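First comes the structure, then the notes that go with it.
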Amino acid sequence: MTDTIYYCENCGAEVSEHDVVCPQCGLELMDTESSEAEAFTTVVKTYDTLIDANVAKDILKDEGIESFLSDTNHNTAYPSSLFNETVYLFVMEKDFVKAFEILEAYDKANPGEGFLSSESSESSESL
1096 MTDTIYYCEN
1106 CGAEVSEHDV
1116 VCPQCGLELM
1126 DTESSEAEAF
1136 TTVVKTYDTL
1146 IDANVAKDIL
1156 KDEGIESFLS
1166 DTNHNTAYPS
1176 SLFNETVYLF
1186 VMEKDFVKAF
1196 EILEAYDKAN
1206 PGEGFLSSES
1216 SESSESL
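For the numbering used here, count along the sequence shown from 1 and bump the result up by 1095.
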């Protein structure tokens, strides 16, 4: 038994290492070991709001990095859900380091503008 959790590269649904197709969207999952490392996604950041997560997703898209968000369809009928939810930003494992560095650089260049600013603004206030 393994504790590793895998996610579909198309929709972000949790998949078993034994699944051939995604149970949620039906995407055929990779079956070769050479492409296995590129087939899995990982969470690069989490955000408190859907708005902040979409900003990060757009930044990565501009840099040529494919990403997607989790749970973007729940509670969308309620405007408050845009401001009060945990949203996961996924990237392919092969893009993780580059994506993380891009988002960190953006945060440092734009302190206090929403996403990732809670950590940096707290530390700057204590100086």
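Note that beta-carbon positions come from the ideal geometry of N, C-alpha and C, so glycine has one too. Source: prediction; values computed, not measured.
According to the DSSP assignment, Phe1191 belongs to no beta strand (DSSP E) but to the alpha helix (DSSP H) extending over 1191-1204. Taken atom to atom, the span from the alpha-carbon of Val1186 to that of Leu1198 is near 12 Å. With respect to the C-alpha of Val1115, the residue from Glu1161, Ala1108, Leu1124, Gly1107 having the closest C-alpha is Leu1124. Cβ contact annotation for Glu1196 (same chain, cutoff 6 Å, sequence separation greater than five): none. Our two residues, His1113 and Asp1190, have alpha carbons roughly 24 Å apart in a direct line.
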